[in-house]
Amino acid sequence: MTLSTKTKESIKTALAMAISYGIALSMDWDRPYWAGFAVAFVSLASVGQSLNKAALRMCGTLAAMVVSLTLVALFAQDRWAFMLGFSLVIGVCCYMMGGEKHQYFWQVTAFVSGIICVDGGTDPVNAFQTAVLRAQETGLGILVYSLITIFLWPGRSSGFDAAAVNMASLQHQLYKACFDLFCKQGDAQEISQLKDQTVLAKTDFDQLLNATQTENYEVWESRDAWQHYQSQVAELMEALERWRLSIVEAKGLVLPRLLPDLEAFDNELDGRFTLIEQTLAGHPPGRNPEPMELSYDEDAVVALGHFDRAAFAVIYAQMQRLERLSRSLLNAARGTRSEGGAVVSAVPSHRSRAVFLPDLDRLASTCRLLTVVWVAFLMLIYGGDIPGGFSFMTISVSLGLALVNMPQVPVSKLFKPVATGVAIGAVLYIFVMPQLSSFLGLGLLIFATTFAICYLYAAPQQKLGRAFGLSMFIVIIGVSNHQTYSFLSVATTTMIFPLLFLVISITAYFPFDFRPEQTSLRLLRRFFRSGEHLISTVGGSSSDRATRLERWRMAFHAREVATLPAKLGTWLPHIDTGRLSGTTAEQLQALVARMQALNNRLQQLFEGRDGPQAEFLMRELREEFKIWRQGIQDVFQNLSENQVVDEGQALRARLDRFTGRLEMHIKKSLDMSTEQQLSEQEAVNFYLLLGVCQGVSEALVDCADSIDAIDWAGWREERF
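For the sequence shown, the residue numbers in this note's numbering are 8 to 727.
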């Protein structure tokens with residue numbers, strides 16, 4: 008009989024749990040449940056993923072040892088200084104958990120610091136022993152689970168090559184769909200579906216690459232080439248999206264007529280994408296890609312109106328970028344299959360010096376965690392007999408960290424998994440464990456219960472239930488060599504959670520409101536406020552002449568505009584649209600998509616604004632661009648303050664009037680110009696800038712249309 012993957016993974020976790028308990032008890036180690044915690048939180052689907060997580064957990068435990076013992080040594084006699092130092096440690100860890108790298112390391116460091124600091128702070132004489140024991144038992148759980156996953160049904164990341172080929176195939180299909188749209192034959196719905204599939208495929212590829220580097224020596228040797236390929240894939244996805252947006256905005260142009268070499272261009276890029284798929288599938292690398300110059304019909308382009316020429320200039324620039332990126336991507340794919348993983352790049356990459364840019368959402372989550380911990384601490388100091396004593400504070404750190412990882416989930420979602428784990432553990436602790444007389448019976452009990460919880464909560468979206476179910480089971484049964492049984496112990500542990508849930512519920516409103524509706528409004532306001540600041544810098548100092556503070560502010564607001572649409576997208580599914588009249592899920596999805604389009608246009612504006620421009624032309628049109636900038640700023644300001652703006656038709660009418668006026672001034676200025684005043688490159692740069700400005704206006708009007716379609720009054724109502 009063939010066992011399912013779910014059954015195999017449940018058996019592996021249950022077996023590792025039972026063996027870890029057996030070894031810890033045979034060594035007469037205190038608190039063997041720490042080894043059980045390591046098994047519960049390390050188990051993942053593949054060997055590479057599990058080993059990565061195991062390494063991060065071990066490193067986090069060792070880091071927590073050093074930090075915690077330092078705090079105990081420095082502040083053992085001053086509880087307030089000790090708490091301030093402890094708050095600084097878990098605050099830094101909490102903030103770093105929201106980053107892109109080593110999130111689990113920071114989570115474990117904070118969690119283990121809570122255990123060692125609380126235990127060591129109340130008993131500084133035994134603090135070192137507590138820290139060493141915690142490291143020993145964590146290492147035991149990691150070692151046992153790692154060995155079992157290696158030798159028993161090893162779940163290798165065998166789908167890595169298939170995931171890479173699938174992602175390349177989807178990008179190929181997305182390119183073809185965008186090209187069909189370019190030729191006025193595409194389907195917007197098909198492109199939207201392919202975009203979603205490509206994003207999911209890239210997420211899967213990124214996860215498998217991280218895991219496969221650990222378990223596959225060849226991939227490890229070529230890791231630089233794979234990471235280069237990974238970055239090129241992300242750039243190509245962005246370029247395809249910008250190209251699509253440019254095509255959609257150029258509604259009145261018959262674009263294929265302007266490009267006589269379009270068929271050859273398409274055949275070349277189509278061939279490159281095919282070669283990428285074949286290379287990743289293991290076929291011998293084909294021909295080296297040669298640069299291709301895409302020509303256009305100069306007479307037909309000159310005959311266009313100025314704004315049509317600007318739209319064409321943007322599209323043409325995007326197609327040239329696609330040519331460069333597809334060539335670079337093919338070279339990167341060839342590099343992953345070459346000996347030693349040599350990286351061949353056709354597009355030079357420029358790394359800017361890293362600058363610290365605070366993430367306001369991560370800071371808010373950090374404040375929430377610190378509020379939970381400090382309220383728990385003050386309740387212990389001034390509240391009399393709190394159930395669980397200092398365990399109350401330790402568990403508050405654990406639950407607070409869980410909320411940092413999933414701030415969108417309401418506290419009520421924690422009730423069921425916690426209650427399930429407590430109920431199972433209590434029944435076994437009171438009625439079954441007193442009947443056991445040897446580890447054989449206890450081991451079978453631990454194995455069966457762990458298997459049941461892992462099997463019932465095997466789906467990825469049930470990670471929360473699995474983690475809390477296993478945690479509560481481990482805490483309630485409290486296995487030790489000198490086992491005692493007391494109903495009071497179960498009741499005391501159970502009483503901890505209503506108090507903690509009360510504290511956590513309060514922090515959903517204070518110091519920041521974490522309800523989905525209020526958080527979404529806050530993210531919207533920040534997005535448009537940052538957009539307003541970015542637009543206000545257009546026409547000012549270039550990035551080279553700006554002060555360090557101005558560059559930092561621009562980088563901060565650019566990062567806000569780039570990341571907030573995705574953050575908003577994670578909150579909107581948790582909004583109950585049934586209680587909000589005049590709001591549908593489709594409207595919210597459209598709003599996020601249009602915010603992302605506006606972000607793309609703003610990025611293009613700031614990438615191209617510092618190109619060399621004809622001074623006389625910019626001088627003649629300075630007043631017109633100033634009027635445009637002020638009008639766009641006003642719209643951003645209205646949206647950031649009230650989510651209220653003129654109707655979309657009124658905005659479009661204003662945009663059309665401005666466009667007509669500006670086109671007349673451009674024609675007049677160009678008629679007065681000479682060849683010496685306007686070089687070919689300056690003309691191209693001017694039309695690119697003009698096209699991007701028009702794109703920003705169109706994207707902002709689309710955003711305003713989406714906002715105008717939603718009734719925001721219900722969002723601002725107070726609910727408890």
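The C-beta atom is built at its ideal place from N, Cα and C for all residues, glycine as well.
Taking the Cβ atom as the reference point for each residue, do LEU628 and SER588 lie within a distance shorter than 8 Å? Taking the first residue of the sequence shown as position 1, residue 628 is located at position 621. Taking the first residue of the sequence shown as position 1, residue 588 is located at position 581. Note that the C-beta distance between LEU628 and SER588 is not below 8 Å.
Cβ of TRP722 within 8 Å of Cβ of LEU528? Reading the sequence shown from its first residue, position 715 is the one you call residue 722. Reading the sequence shown from its first residue, position 521 is the one you call residue 528. Less than 8 Å separates the beta-carbon of TRP722 from that of LEU528.
What span of residues does the alpha helix (DSSP H) with CYS190 cover, start to end? For the purposes of this step, residue 190 is taken as the residue at position 183 of the sequence shown. Per DSSP, CYS190 lies in no alpha helix (DSSP H) and is assigned neither H nor E.
Output needed for GLN325: all residues of its chain with C-beta closer than 6 Å, excluding positions within five of it in sequence on either side, in chain order. Numbered from its first residue, the sequence shown carries residue 325 at position 318. Within the same chain, GLN325 has close Cβ partners ARG249, TRP250, SER253.
With a threshold of 16 other CB atoms inside 10 Å of the CB of HIS290, please say whether the residue is buried or exposed. Within the sequence shown, the letter at position 283 stands for residue 290. It is exposed - the Cβ of HIS290 has fewer than 16 other Cβ atoms within 10 Å.
What runs of the alpha helix (DSSP H), each 4 residues or longer, lie entirely inside the region 382-456? Within the region 382-456, the runs of alpha helix (DSSP H) at least 4 residues long that lie entirely inside it are, in chain order, 398-412, 422-434.
Do you know offhand how far LEU177's Cα is from THR281's? Sequence index remark: in the sequence shown, residue 177 carries index 170 (1-based). Sequence index remark: in the sequence shown, residue 281 carries index 274 (1-based). Straight-line measurement puts the Cα of THR281 at about 11 Å from the Cα of LEU177.
Euclidean distance between Cα positions of ARG38 and VAL486: Reading the sequence shown from its first residue, position 31 is the one you call residue 38. Reading the sequence shown from its first residue, position 479 is the one you call residue 486. One C-alpha to the other measures close to 7 Å.
Cβ-Cβ separation, LEU377 to GLY98 (assumed contact under 8 Å), whole Å: Numbered from 1 along the sequence shown, position 91 holds the residue referred to as residue 98. Numbered from 1 along the sequence shown, position 370 holds the residue referred to as residue 377. Sure, about 6 Å apart at Cβ, within 8 Å.
Quick one: grab the DSSP three-state call for ASN488. Reading the sequence shown from its first residue, position 481 is the one you call residue 488. Correct three-state label for ASN488: coil.
Proximity of GLY127 and SER94 at Cβ, strictly below 8 Å: Along the sequence shown, read from residue 1 onward, the residue named residue 127 stands at position 120. Along the sequence shown, read from residue 1 onward, the residue named residue 94 stands at position 87. Taking 8 Å as the Cβ cut-off, GLY127 and SER94 do not qualify as a contacting pair.
Please report the straight-line C-alpha distance between HIS540 and LEU662, rounded to a whole angstrom. For this step, residue 540 is matched to residue 533 along the sequence shown. For this step, residue 662 is matched to residue 655 along the sequence shown. Distance between the alpha carbons of HIS540 and LEU662: 21 Å.
Nearest to LEU367 by CA position, among GLY105, VAL699, GLN701, is which residue? Working through the sequence shown from its first residue, we reach residue 367 at position 360. If you compare the alpha carbons of GLY105, VAL699, GLN701 with that of LEU367, the shortest gap goes to GLY105.
Taking only three categories from DSSP, how would you classify ARG141? Locating residue 141 in the sequence shown gives position 134, counting from the first residue. Helix at ARG141.
Would you identify the three-state DSSP class for PRO572, choosing helix, strand or coil? As a first step, residue 572 is located in the sequence shown; it is residue number 565 there, counting from the start. PRO572: helix per DSSP, three-state reduction.
Looking only at its own chain, which residues have a Cβ that is under 6 Å from the Cβ of LEU669, when we skip the five neighbours before and after it? Here residue 669 corresponds to residue number 662 of the sequence shown, with the count starting at 1. Same-chain partners within the cutoff: GLU631.
Within the region 203-233, note down every full alpha helix (DSSP H) run reaching 4 residues or more, in order along the chain. Listed in chain order, they are 224-228.
Could you round the C-beta distance between LYS13 and TYR462 to whole angstroms and report it? I think they count as a contact, below 8 Å. Here residue 13 is taken as the residue at index 6 of the sequence shown, counted from 1. Here residue 462 is taken as the residue at index 455 of the sequence shown, counted from 1. Beta-carbon to beta-carbon, LYS13 and TYR462 are separated by about 6 Å, close enough to satisfy the 8 Å threshold.
On the DSSP letters alone, give me the boundaries of the alpha helix (DSSP H) that SER543 sits inside. Here residue 543 is taken as the residue at index 536 of the sequence shown, counted from 1. Counting along the chain, SER543 sits inside the alpha helix (DSSP H) bounded by residues 523-543.
THR584 to PRO523 span [Cα, whole Å]: Sequence index remark: in the sequence shown, residue 584 carries index 577 (1-based). Sequence index remark: in the sequence shown, residue 523 carries index 516 (1-based). When rounded, the distance between both Cα atoms is 11 Å.
Taking the CB atoms as reference points, tell me whether ALA371 and PHE480 lie closer together than 8 Å. Locating residue 371 in the sequence shown gives position 364, where the first residue counts as 1. Locating residue 480 in the sequence shown gives position 473, where the first residue counts as 1. Taking 8 Å as the Cβ cut-off, ALA371 and PHE480 do not qualify as a contacting pair.
Pairwise C-alpha distance: GLN84 and GLY432: Position 425 of the sequence shown, counted from the first residue, corresponds to residue 432. Position 77 of the sequence shown, counted from the first residue, corresponds to residue 84. Those two C-alpha atoms are separated by around 37 Å.
Check ILE157 in the structure and name its three-state DSSP category. As a working note, residue 157 is residue 150 in the sequence shown. Looking at ILE157 - three-state DSSP - the assignment turns out to be helix.
Taking 7 Å as the limit between beta carbons, can you name the residues of its chain near PRO131, skipping five residues before and five after? Against the sequence shown, residue 131 aligns to sequence position 124. Non-local C-beta neighbours of PRO131 in its own chain, meaning closer than 7 Å and more than five positions away in sequence, comprise VAL79, ALA83, ordered along the chain.
Under a three-way DSSP split, which group does VAL351 fall into? As a working mapping, residue 351 is identified with position 344 in the sequence shown. At VAL351 the pLDDT is 49, less than 50, meaning the model places this residue with poor confidence; the figure from the coordinates comes in the next sentence. VAL351 falls in the coil class under three-state DSSP.
Does the beta-carbon of THR591 have 16 or more other beta-carbons within 10 angstroms, so that it is buried, or is it exposed? On the sequence shown, residue 591 is found 584 positions in, with the first residue counted as 1. An exposed status is given to THR591, since fewer than 16 other beta-carbon atoms sit within 10 Å of its beta-carbon.
With H, G and I counted as helix, E and B as strand and the rest as coil, what does DSSP make of LEU376? The residue labelled residue 376 in the question sits at position 369 within the sequence shown. Here LEU376 sits in helix by DSSP.
Top-ranked residue by Cα proximity to ASN338, from ILE388, ALA318, ILE283, GLY312: On the sequence shown, residue 338 is found 331 positions in, with the first residue counted as 1. Comparing alpha-carbon positions, the option among ILE388, ALA318, ILE283, GLY312 lying closest to ASN338 turns out to be ILE283.
Can you name, in chain order, every residue of its own chain whose Cβ lies under 8 Å from the Cβ of PHE508, other than the five neighbours on each side? As a working mapping, residue 508 is identified with position 501 in the sequence shown. Within the same chain, and ignoring the five residues on either side of PHE508 in sequence, the residues whose Cβ sits closer than 8 Å to its Cβ are VAL418, LEU421, PHE422.
Can you name, in chain order, every residue of its own chain whose Cβ lies under 7 Å from the Cβ of LEU265, other than the five neighbours on each side? Position 258 of the sequence shown, counted from the start, is the residue given in the question as residue 265. Scanning its chain for C-beta atoms nearer than 7 Å, with the 5 sequence neighbours on each side dropped, one finds around LEU265 the residues TYR303, ASP304, ALA307, VAL308, PHE319, in chain order.
Beta-carbon spacing of VAL429, THR499 below 8 Å: The residue you call residue 429 lines up with position 422 of the sequence shown. The residue you call residue 499 lines up with position 492 of the sequence shown. No; because the gap between Cβ atoms is not below 8 Å, this pair is not in contact.
Thinking just about the alpha-carbon of each residue, which of VAL379, GLU705, LEU410 is nearest to the one in MET400? For the purposes of this step, residue 400 is taken as the residue at position 393 of the sequence shown. Ranking VAL379, GLU705, LEU410 by Cα distance to MET400 puts VAL379 first.
Could you tell me if GLN701 is buried or exposed, where buried requires 16 or more neighbouring beta carbons within 10 angstroms of its beta carbon? Position 694 of the sequence shown, counted from the start, is the residue given in the question as residue 701. Buried, by the Cβ-count rule.
Is it buried or exposed for LEU707, if we count other Cβ within 10 angstroms and need 16 for buried? Along the sequence shown, one-based indexing puts residue 707 at 700. When all chains shown are included, LEU707 counts as buried.
Kindly list the residues whose CB is nearer than 7 Å to the CB of LYS15, restricted to its own chain and excluding five residues on each side of it in sequence; keep chain order. Position 8 of the sequence shown holds residue 15. If we look at LYS15 and ignore the five residues flanking it on each side, its Cβ neighbours are TRP160.
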